[in-house]
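K.L.:
Supplied in C-alpha cells, the structure appears directly below.
The structure is reproduced here in C-alpha cells:
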C-alpha cells in the first residue's frame, strides 16, 4: 500500500480517532526512519531533476504541496528536512501570513493564484487558502455564508490547477494537544527559541476544539480525487518528515518522468564541438 | 586570511592570470574538500536561523549572493551543493533569463529591484544585472554609452542595497575554456543531460575572448567596498562549492547575529501554559 493510500482521508473525518503518534506504513523506529528519509534524498533529487528537465521540453507538470497544521505541528520541520532534500532551484516555498490590506480587498484566492508554482517546480504552501476556512471560521472573521462559499470555490480552484498540470498533495500535520503543550514549553524554556513564541499562540490553543472541528469540516469538504487530503501523524517528527517525503516521491513517480529527447542533432553538435579550437 | 580576502579582486583584473584550477585557502584535496563542505552545513544552518530570527525582532539584515560565470561554470552546482545546505525556507533564488518584453520596456534594474531579498533571507541571483553589461556588451544589444551608464548605475544601486541592510557577495565562477569544452562534451555524450544543452551554447563559446574582456571590465568597475567581486577558481567543482559556502559563512558571521531577546514576559507565559489544561 502506498503512503498516499494509507494516509488519505475519505468522507467524514474524526480527527480524535486518528492517532497522532502512529507511524503508518513504517514498522521500524526513529533511527531507521531517519535513515530511510536520508536515503530518499538521491531518489527525490533525481525525480525532481526529471520534472525540471520536462519543463524545458514544454511539459506543464508541476507539484503543489500544501502544509497545514496547528502551531508547532512541524510545517517548518517538514520544509527543512523533507523539502530540503531536493535541489532548491526547483522549489518555490510560499509562506502565508495574515492577509495584507491589499490581499483582503481581493477574493481570498487572489493571493493564492499568484503563488502557484510554475511548470517544472515543486511548490510548497506553508499554510494556504485553507486558513480562509480555518482561522477565519473559528474566529468569525468572515460570515458563515462566505465560509460556506469558499469550500466550493476551493474545490473548483484546485480542480483547475489539476487540469492544467498540477499534482496537488495536501497534508494536515496532526499533533495532539499534549504534544503541542510540550513543544510550547520547549520554546519557552530555551532562550534561543523565544523568537518562535508568541503569546497569541496560547489564545489560539484555547480554541483547539474549534480548530479541530474546522479542520474536520475542511478535510471532508475539500478532499477530492484530484486534490486529496492526507492526515499525517506528526507527534513523531521523524515519521512526519518521512511520510511527507514519501508522498512527494509517490507523486513524482506517478508522473512517469522520462528524460526529454534532444531537439537538436546530437552528432552534428558533437562534431562541431570536436572540430572547434578552444578559444584563447 | 579569510576566503573573502583570498578571492576578492581589486583594481584592474586579468582573468588569464588567475588560475581556474587552484584551491586558494584549502591545502587538501577533493575528499577533504567535500567533507569540509558537509561539515559547514550545521554551522551555516545555525547562522541562517539567527538571521531569520533577527528579522522577527525587526532587523533588516539580509544577504544577496550574486552568481555569474560562463555556461557550465557551475552556478547550478553551487545552488544545489552550497546554498542547498541551508533551510530552503530562508532562501530566495532568482534565476534571470533573457528579459521579457515587459522587462525590456523598463530600466535594466527594474526586474532586479523586484527580486532583491526581503529582510532575513539569503537571496541568490543565478545570473543577474551583470548580464546587462556582459552579454549585452558582447552582443551589442545596447549602445556603448548605455553600457557605460550601467556600471555607475549598478554601483549606486548596490550601495543603496548595502545601506539598507544587505550584505552583498558577488562571485564569478572562473573556468577555463578547456574545462567548458569537457563539460559540453559530457552533456552531449549523456542522453540524460541533453536537455541541458543548447546549440546556442557553442555560438556563445566562440565569443569567449569577448566575454572574458567584458568580465574584466565589469569586475574592475563594479568591485566596491560594499559589494566586492570574488573570482572563484571553478574547474574543481568541490572547491567552487566550498569557496562559495565559506564566503556565505564569513558574511553571516560578520553580522554578529545574536538570538533576539523575548519581547514578552517569559515567566508569565510559562505559568500560563503550566496552569492551562490541555484542551480535549
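Chains as they are written, first to last, in this note's numbering: chain A, 1 to 280; chain B, 1001 to 1280.
Glycine residues also receive a C-beta, built at the ideal position from the N, C-alpha and C atoms.
Being a predicted model, the structure only gives us computed values, none of them experimental.
Is the CB of residue 1181 (chain B) under 8 Å away from at least one CB in chain A?
P.N.:
The residue you call residue 1181 (chain B) lines up with position 181 of the second chain. Output row for residue 1181 (chain B): interface = yes.
K.L.:
What does the alpha-carbon distance come out to for the pair residue 91 (chain A) and residue 163 (chain A)?
P.N.:
As a working mapping, residue 91 (chain A) is identified with position 91 in the first chain. As a working mapping, residue 163 (chain A) is identified with position 163 in the first chain. Those two C-alpha atoms are separated by around 21 Å.
K.L.:
Could you tell me if residue 1001 (chain B) is buried or exposed, where buried requires 16 or more neighbouring beta carbons within 10 angstroms of its beta carbon?
P.N.:
Against the second chain, residue 1001 (chain B) aligns to sequence position 1. So residue 1001 (chain B) ends up on the exposed side.
K.L.:
Residue 1122 (chain B) by DSSP, collapsed to three states: which one?
P.N.:
Reading the second chain from its first residue, position 122 is the one you call residue 1122 (chain B). Reduced to three states, the DSSP call for residue 1122 (chain B) is strand.
K.L.:
Looking at residue 70 (chain A): is its Cβ nearer than 8 Å to the Cβ of residue 211 (chain A)?
P.N.:
The count along the first chain starts at 1 and reaches residue 70 (chain A) at position 70. The count along the first chain starts at 1 and reaches residue 211 (chain A) at position 211. In this structure, residue 211 (chain A) lies closer than 8 Å to residue 70 (chain A) by Cβ.
K.L.:
What would DSSP say about residue 309 (chain A), mapped onto helix, strand or coil?
P.N.:
Given a span of 1 to 280 for chain A in the structure shown, any question on residue 309 (chain A) remains unanswerable.
K.L.:
Taking C-beta pairs closer than 8 Å, name the residues in chain A that residue 1005 (chain B) reaches, listed in chain order.
P.N.:
Reading the second chain from its first residue, position 5 is the one you call residue 1005 (chain B). Near residue 1005 (chain B) there are no residues of chain A at all, since even the closest Cβ is about 28 Å away, more than 8 Å.
K.L.:
At a CB distance below 8 Å, what residues from the region 1073-1086 of chain B approach chain A? Give them in sequence order.
P.N.:
Against chain A - using a Cβ distance shorter than 8 Å - the residues of the region 1073-1086 of chain B are 1076, 1079, 1080, 1083 and 1084.
K.L.:
From residue 58 (chain A) to residue 152 (chain A), what does the alpha carbon distance come to, in whole angstroms?
P.N.:
Looking up residue 58 (chain A) in the first chain gives position 58. Looking up residue 152 (chain A) in the first chain gives position 152. Answer to the nearest angstrom: the Cα atoms are 31 Å apart.
K.L.:
Quick check: what's the CA-CA separation for residue 1285 (chain B) versus residue 1103 (chain B)?
P.N.:
There is simply no residue 1285 (chain B) to check, as chain B begins at 1001 and stops at 1280 in what is shown.
K.L.:
Are any of the Cβ atoms in chain A nearer than 8 Å to that of residue 1259 (chain B)?
P.N.:
Stepping through the second chain from its first residue, residue 1259 (chain B) is reached at position 259. Chain A contact via Cβ: present.
K.L.:
Can you tell me where the alpha helix (DSSP H) holding residue 259 (chain A) begins and where it ends?
P.N.:
On the first chain, position 259 is the one that residue 259 (chain A) refers to. Segment: none, residue 259 (chain A) is in no alpha helix (DSSP H) and carries neither H nor E.
K.L.:
Answer yes or no: does any C-beta atom of chain B fall closer than 8 Å to that of residue 93 (chain A)?
P.N.:
For this step, residue 93 (chain A) is matched to residue 93 along the first chain. It does: the Cβ of residue 93 (chain A) has a partner Cβ on chain B nearer than 8 Å.
K.L.:
Using a C-beta cutoff of 8 Å, does residue 1194 (chain B) count as contacting chain A?
P.N.:
The residue you call residue 1194 (chain B) lines up with position 194 of the second chain. So yes, residue 1194 (chain B) belongs to the interface.
K.L.:
Taking 8 Å as the threshold, find out whether the region 1223-1238 of chain B comes into contact with the region 266-274 of chain A through three or more Cβ pairs.
P.N.:
No, the region 1223-1238 of chain B is not in contact with the region 266-274 of chain A.
K.L.:
Under a three-way DSSP split, which group does residue 1039 (chain B) fall into?
P.N.:
As a working mapping, residue 1039 (chain B) is identified with position 39 in the second chain. Three-state result, residue 1039 (chain B): helix.
K.L.:
Determine, using beta carbons only, whether residue 96 (chain A) and residue 128 (chain A) come nearer to each other than 8 Å.
P.N.:
Your numbering for residue 96 (chain A) matches position 96 in the first chain. Your numbering for residue 128 (chain A) matches position 128 in the first chain. Yes, they are a contact pair.
K.L.:
What number of angstroms, rounded off, separates the C-alpha of residue 1038 (chain B) from the C-alpha of residue 141 (chain A)?
P.N.:
Against the second chain, residue 1038 (chain B) aligns to sequence position 38. Against the first chain, residue 141 (chain A) aligns to sequence position 141. Roughly 47 Å separates the two Cα atoms.
K.L.:
What in chain A is Cβ-close to residue 1057 (chain B), meaning under 9 Å?
P.N.:
Mapped onto the second chain, residue 1057 (chain B) falls at position 57. In chain order: 195.
K.L.:
At 3 residues or longer, and completely inside the region 43-81 of chain A: list those beta strand (DSSP E) runs for me, N to C.
P.N.:
Listed in chain order, the complete beta strand (DSSP E) runs (minimum 3 residues) inside the region 43-81 of chain A are 62-69.
K.L.:
Is it true that the CB of residue 120 (chain A) sits closer than 8 Å to the CB of residue 64 (chain A)?
P.N.:
Working through the first chain from its first residue, we reach residue 64 (chain A) at position 64. Working through the first chain from its first residue, we reach residue 120 (chain A) at position 120. Against a cut-off of 8 Å, the Cβ pair of residue 120 (chain A) and residue 64 (chain A) comes out as no contact.
K.L.:
Measuring only between beta-carbons, confirm whether residue 125 (chain A) sits less than 8 Å from chain B.
P.N.:
Here the question's residue 125 (chain A) lines up with position 125 in the first chain. Not one chain B Cβ lies under 8 Å of residue 125 (chain A).
K.L.:
Any C-beta of chain A within less than 8 Å: which residues of the region 1240-1269 of chain B qualify?
P.N.:
Here the close residues are 1259, 1260, 1261, 1262, 1264, 1266 and 1269.
K.L.:
Comparing alpha-carbon positions, which option in A:169, A:225, A:208 and A:20 lies nearest residue 135 (chain A)?
P.N.:
Counted from its first residue, the first chain places residue 135 (chain A) at position 135. Nearest C-alpha to residue 135 (chain A): A:208.
K.L.:
Report the residue from A:182, A:132, A:224 and A:3 whose alpha carbon sits nearest the alpha carbon of residue 68 (chain A).
P.N.:
Within the first chain, the letter at position 68 stands for residue 68 (chain A). Ranking A:182, A:132, A:224 and A:3 by Cα distance to residue 68 (chain A) puts A:132 first.
K.L.:
I'd like the span of the beta strand (DSSP E) that includes residue 229 (chain A), first residue to last.
P.N.:
Reading the first chain from its first residue, position 229 is the one you call residue 229 (chain A). Here the beta strand (DSSP E) through residue 229 (chain A) covers 229-233.
K.L.:
Buried or exposed: where does residue 241 (chain A) fall if 16 or more other Cβ atoms within 10 Å of its Cβ makes it buried?
P.N.:
Translated into the one-based positions of the first chain, residue 241 (chain A) becomes position 241. It counts as buried.
K.L.:
Please return the same chain residues whose Cβ sits closer than 8 Å to the Cβ of residue 1165 (chain B), not counting the five positions on each side in sequence.
P.N.:
Numbered from its first residue, the second chain carries residue 1165 (chain B) at position 165. Once the five neighbours on either side are set aside, the close Cβ partners of residue 1165 (chain B) are 1059, 1060, 1061, 1062 and 1119.
K.L.:
Would you say residue 248 (chain A) and residue 50 (chain A) are within 8 Å of each other, going by their C-beta atoms?
P.N.:
For the purposes of this step, residue 248 (chain A) is taken as residue 248 along the first chain, with counting starting at 1. For the purposes of this step, residue 50 (chain A) is taken as residue 50 along the first chain, with counting starting at 1. No, Cβ-Cβ distance for residue 248 (chain A) and residue 50 (chain A) is not below 8 Å.
K.L.:
Compare the C-alpha of residue 1030 (chain B) against each of B:1267, B:1253, B:1236 and B:1245 and name the closest.
P.N.:
Numbered from its first residue, the second chain carries residue 1030 (chain B) at position 30. It is B:1236.
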